[in-house]
Amino acid sequence: MKGFSSFVRLLSEVGDILAPRRCALCGKRLMAGEDFLCLSCLSELPFTRYFGRKGNPVERLFWARIPVARANAYLFYFPESMVSRLFLSLKYGNRPHYGQALGAMMAAELSDTDFFDGVDAIVPVPLAQKRLRKRGYNQSEKLAEGISSVTHLPIFTRAVERVVANPTQTQLTRTERRENVADVFMLSRPELLAGKHLLLVDDILTTGSTLMACAEEMAKAGDVKISILTLGLAGKHGEGPELHPETINYGREAFVR
Ligand SMILES: [Zn+2]
Numbered sequence: 026m027k028g029f030s031s032f033v034r035l036l037s038e039v040g041d042i043l044a045p046r047r048c049a050l051c052g053k054r055l056m057a058g059e060d061f062l063c064l065s066c067l068s069e070l071p072f073t074r075y076f077g078r079k080g081n082p083v084e085r086l087f088w089a090r091i092p093v094a095r096a097n098a099y100l101f102y103f104p105e106s107m108v109s110r111l112f113l114s115l116k117y118g119n120r121p122h123y124g125q126a127l128g129a130m131m132a133a134e135l136s137d138t139d140f141f142d143g144v145d146a147i148v149p150v151p152l153a154q155k156r157l158r159k160r161g162y163n164q165s166e167k168l169a170e171g172i173s174s175v176t177h178l179p180i181f182t183r184a185v186e187r188v189v190a191n192p193t194q195t196q197l198t199r200t201e202r203r204e205n206v207a208d209v210f211m212l213s214r215p216e217l218l219a220g221k222h223l224l225l226v227d228d229i230l231t232t233g234s235t236l237m238a239c240a241e242e243m244a245k246a247g248d249v250k251i252s253i254l255t256l257g258l259a260g261k262h263g264e265g266p267e268l269h270p271e272t273i274n275y276g277r278e279a280f281v282r
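The sequence shown begins at 26 in the numbering used here and counts up one residue at a time.
The following block contains the structure:
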């Protein structure tokens, strides 16, 4: 086996020479041991460092409105920053593998915690068919694939569908946003979800209204428990979320510790 693994390493080194792997952010050639992002870009990412802890700011955001078992976000999202390029490329730039890589990264961070305990399956927030055809993939589904590669949890992609591509939320108040997404989702396979603990996955948490609408629709299956995991959390610098200002500090403190 030893000979085989050094042969595989040799192959990957040869592959690296022929088609060098490059950092998704700075484009620099990746060194051995680096994957997807170079260590320098990785160290610059604004991690929330919530580590899925009970009572973290993302959980508290949902507690007041819908019952969630657990909730977590991996990165703070700052518009027009380095990190925003990752999100934009994943969503609009035809980079499905970014989702798989980032999904695996966030699952790896949580796999040492009890965050996934009791979870039966992953449900990516669905895209409307029209948008899916245009983009070619659902970014949340790609994140789910990355999470599944670490956790081995199954992914349910057709249990809940998005029947309306909701219009932009930017100019709406909080109440209008909730109304805006109220009938966007439709539970199509309740028998698949009933009685299960489901991990709802999305690329970015802004106000939470989309995730809440989706979770409420899933809850109609009966006896479901819902946890939420997003790649990004749009902080107070972004447009939107009604988060307590200490949310950002919470991450910083954890970073220093
Ligand atoms: Zn880099």
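Cβ coordinates follow ideal geometry from the N, Cα and C atoms, glycine included.
Secondary structure note for Glu166: its alpha helix (DSSP H) is the uninterrupted segment Gln164 to Thr176. Under the three-state reduction of DSSP output, Ser213 falls in the coil class, being neither helix nor strand. Per DSSP, Tyr117 is one residue of the alpha helix (DSSP H) stretching across Met107 to Tyr117. Judged by DSSP secondary structure, Thr231 falls outside any alpha helix (DSSP H); it is assigned neither H nor E. When DSSP reads this structure, Gly257 sits in a beta bridge with Leu100 and Ile229. At the C-beta level, Val148 and Leu230 stay beyond 8 Å of one another. Under DSSP, the beta-bridge partners assigned to Lys250 are His222.
Within the region 29-70, the runs of alpha helix (DSSP H) that reach at least 4 residues and sit entirely inside it are, in chain order, 64-69.
Contact check between the region 57-76 and the region 86-94: fewer than three CB pairs, one atom from each, fall below 8 Å, which does not count as touching.
No heavy atom of ligand 1 is found nearer than 7 Å to the CB of Leu35. Secondary structure at Phe72: strand, using DSSP grouped into helix, strand and coil.
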